[in-house]
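**Q** Take the working numbering: the last position of the sequence shown gets the number 304, and nothing is skipped along the way. Don't be surprised by glycine CBs; every beta carbon is placed ideally from N, CA and C. Structure incoming, see below.
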Amino acid sequence: MSTNSIGHVQLEFMTTGTVRIRPSMRSQPLSKIGLFRRIRSFLDREWTDPIPVGVFLIRHPEGLFLMDTGQSPRCNDAGYLPRGAFLSGLLTQFTIEHHDGILEQLHKRGIKATDLKAVILSHLHNDHAGGLEDLVVEAPDLPIYVSREHWKAFGEHPFFASIEGATPNHWPKNFSPMVFDFQDRPLGPWKQSFPVTEDGRIAIVDTSGHVPGHVSVVIYGNDGPEQAQVTYLLSGDATYALDLLDKEQPDGINDDPMRAFQTLQTINKFARETDVVVLPSHDTNTPRLLDERVVYKPSGRK
Ligand SMILES: [Zn+2]
3 MSTNSIGHVQ LEFMTTGTVR IRPSMRSQPL SKIGLFRRIR SFLDREWTDP
53 IPVGVFLIRH PEGLFLMDTG QSPRCNDAGY LPRGAFLSGL LTQFTIEHHD
103 GILEQLHKRG IKATDLKAVI LSHLHNDHAG GLEDLVVEAP DLPIYVSREH
153 WKAFGEHPFF ASIEGATPNH WPKNFSPMVF DFQDRPLGPW KQSFPVTEDG
203 RIAIVDTSGH VPGHVSVVIY GNDGPEQAQV TYLLSGDATY ALDLLDKEQP
253 DGINDDPMRA FQTLQTINKF ARETDVVVLP SHDTNTPRLL DERVVYKPSG
303 RK
C-alpha cells in the first residue's frame with residue numbers, strides 16, 4: 003500500500019476475530035416471507051465457514067475515521083450479553099482473542115483512540131458496535147455517528163435493541179452519539195446523503211433493511227495505482243457477500259426483507275452507473291477486493 007500523505011484518502015480493512023452464522027441467516031430468497039424467514043434461521047442447525055467481522059480504517063486529510071468498531075474481545079465471557087439477547091447465541095459463534103479487539107489493532111498501528119476524528123456506525127448490532135466500550139475508555143469525547151432512523155429504533159429502545167442483537171449494556175455510559183439526518187445532497191441513485199468530511203469524500207447513504215436506518219459509507223479514495231481515484235462502498239451488513247448482492251437476496255434475519263431487497267437494488271443501480279469497489283463487512287473476499295480494488299458489476303440479469 004502506498005504511504006499516507008497529505009491530500010490522500012486511503013482505506014484499510016481489519017477483522018475483529020471471525021464469526022460463523024447460520025446459512026439461512028446469510029440469505030433467503032425474497033419469496034420466503036416475513037416471520038418464517040427468522041424462524042427458519044433459528045431452526046437452522048448448520049454453520050457457515052468462519053467469516054470476517056470487519057472494521058474499516060479511513061485515512062483522510064481531515065483525520066482518521068473508523069467505519070464500525072467490530073466485536074468485543076470479551077463477547078464470549080459469561081454475562082456479557084444482555085438479558086434480552088439469549089437468541090443471539092443460536093445464530094452466531096464468534097472466535098476472537100484479546101489482540102483482535104479494535105483498540106489493540108489500532109495500538110499495533112501506533113494509533114490511539116484519541117487520534118480518531120470520528121466513528122461511523124453502520125448500525126448497533128454487537129459485531130459492529132462491540133468495540134465502542136474500549137474506544138470510549140481511551141477517548142471519552144470520540145464523536146460517533148448514528149443515523150436518526152436507527153437511533154430511534156435501537157438507541158431509544160435498548161431492550162428491543164438487545165433482542166435484535168445489540169448489547170446496550172456495553173454502550174458508553176449516557177451514550178449520546180452524533181445522531182444525523184440525511185441532507186438533500188444526491189449521491190448516485192440516492193436522493194440524499196450525509197457528508198462526513200467537508201470535501202464530501204467520505205459520505206453516508208441510507209441502506210436500510212438489515213435493520214431500520216442501517217447505513218453504508220461511500221469513499222472517494224485516491225489510493226489506486228498512480229494514486230488514481232477509486233470509489234468504494236463500505237456496505238456494512240446491507241449484504242453479507244457480493245454473490246448475494248448480485249442475486250439481490252436479502253439476509254434471513256432482518257425484519258423488513260422488502261426494504262432490504264430495495265436497498266440491494268439501489269446498490270446495484272449505483273454499481274451499474276459508477277465503477278465502485280463494494281466491500282461488505284462480512285465477505286471473506288473483502289480483503290482481496292480491497293487489495294486488488296476489484297470493481298463490482300452486477301451480472302445483468304435485471
Ligand atoms: Zn454484522
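Taking C-beta to C-beta, are Ala243 and Pro282 nearer than 9 angstroms?
**A** yes
**Q** With respect to the alpha helix (DSSP H) encompassing Arg261, which residues constitute its N-terminal and C-terminal limits?
**A** Pro259 to Glu275
**Q** Quick test of the definition: if touching needs 3 or more C-beta pairs under 8 angstroms, does the segment 119 to 131 touch the segment 40 to 53?
**A** no
**Q** Which residues in the same chain have their Cβ closer than 6 angstroms to the Cβ of Ile165, if we skip the five residues on either side of it in sequence?
**A** Excluding positions up to five away in sequence, the list reads Gly86.
**Q** Candidates Asp285, Pro142, Ser237 and Pro160: which alpha carbon is nearest Lys1's?
**A** Any question about residue 1 goes unanswered here, given that the chain covers just 3 to 304.
**Q** In the DSSP assignment, the alpha helix (DSSP H) including Asp245 goes from what residue to what residue?
**A** Leu244 to Lys249
**Q** Between the C-alpha atoms of Pro145 and Val121, what's the straight-line distance to the nearest angstrom?
**A** Whole-angstrom Cα-Cα distance: 6 angstroms.
**Q** Return the residue from the list Met27, Met180, Asn224 and Ala205 that minimises the CA-CA distance to His152.
**A** Met180
**Q** CB of His130 to nearest heavy atom of ligand 1: below 8 angstroms?
**A** yes
**Q** Is the separation between the beta-carbon of Thr276 and that of Gly190 shorter than 9 angstroms?
**A** yes
**Q** Using the C-alpha atoms, what's the distance from Glu228 back to Asp257?
**A** 44 angstroms
**Q** Among Asp248, Ser237 and Pro300, whose alpha-carbon lies nearest the alpha-carbon of Thr288?
**A** Ser237
**Q** Is any heavy atom in ligand 1 found nearer than 8 angstroms to the beta carbon of Asp239?
**A** For Asp239, the shortest C-beta to heavy atom distance toward ligand 1 is below 8 angstroms.
**Q** Just reading off the beta strand (DSSP E) that Ile60 is part of, what are its end residues?
**A** Counting along the chain, the beta strand (DSSP E) containing Ile60 begins and ends at Ile53 to His62.
**Q** Indicate the three-state DSSP secondary structure (helix, strand or coil) for Phe88 in the structure shown.
**A** coil
**Q** Among the candidates Val139, Leu83, Arg295 and Met27, whose CA atom is the shortest distance from the CA of Asn224?
**A** The residue with the shortest Cα to Cα distance from Asn224 is Arg295.
**Q** Report yes if the CB atom of Thr116 is closer than 9 angstroms to the CB atom of Glu135, and no otherwise.
**A** no
**Q** Note the first and the last residue of the continuous beta strand (DSSP E) segment covering Val279.
**A** Val278 to Pro282
**Q** Can you give me the C-alpha to C-alpha distance between Pro25 and Gly9, rounded to a whole angstrom?
**A** 42 angstroms
**Q** For Ile98, which residues from the same chain have a beta carbon less than 7 angstroms from its beta carbon, with the 5 sequence-adjacent residues on both sides left out?
**A** Thr18, Gly19, Gln73, Pro75 and Cys77
**Q** Does DSSP put Lys119 in a helix, in a strand, or in coil?
**A** strand
**Q** Mapping the DSSP letters down to three states, classify Gly9 as helix, strand or coil.
**A** coil
**Q** Going along the chain, which residues of its own chain have a beta-carbon closer than 7 angstroms to the beta-carbon of Leu291, five neighbours each way excluded?
**A** Val279 and Leu281
**Q** Between Ser210 and ligand 1, is there a pair consisting of the residue's CB and a ligand heavy atom that are separated by less than 8 angstroms?
**A** For ligand 1, not one heavy atom lies less than 8 angstroms from the Cβ of Ser210.
**Q** Give the DSSP-derived three-state secondary structure of His152 in the structure shown.
**A** helix
**Q** Give a single yes or no on whether Ser218 has its beta carbon closer than 8 angstroms to a heavy atom of ligand 1.
**A** no
**Q** Nearest-angstrom Cα distance between Leu13 and Leu105?
**A** 17 angstroms
**Q** Keeping to the same chain, check which residues put their C-beta closer than 8 angstroms to that of Val11; ignore five residues upstream and five downstream.
**A** Ile60, Arg61, His62, Pro63, Arg203, Ile204, Ile221, Tyr222, Gly223, Asn224 and Asp225
**Q** Indicate, with yes or no, if ligand 1 has a heavy atom lying under 8 angstroms from the CB of Val121.
**A** no
**Q** Whole angstroms is fine: what's the gap from Ala273's alpha carbon to Pro31's?
**A** Whole-angstrom Cα-Cα distance: 21 angstroms.
**Q** Pro197 by DSSP, collapsed to three states: which one?
**A** In the structure shown, Pro197 sits in a strand (DSSP, three-state: E or B).
**Q** Considering only their Cβ atoms, is the gap separating Ser149 from Asp208 smaller than 9 angstroms?
**A** yes
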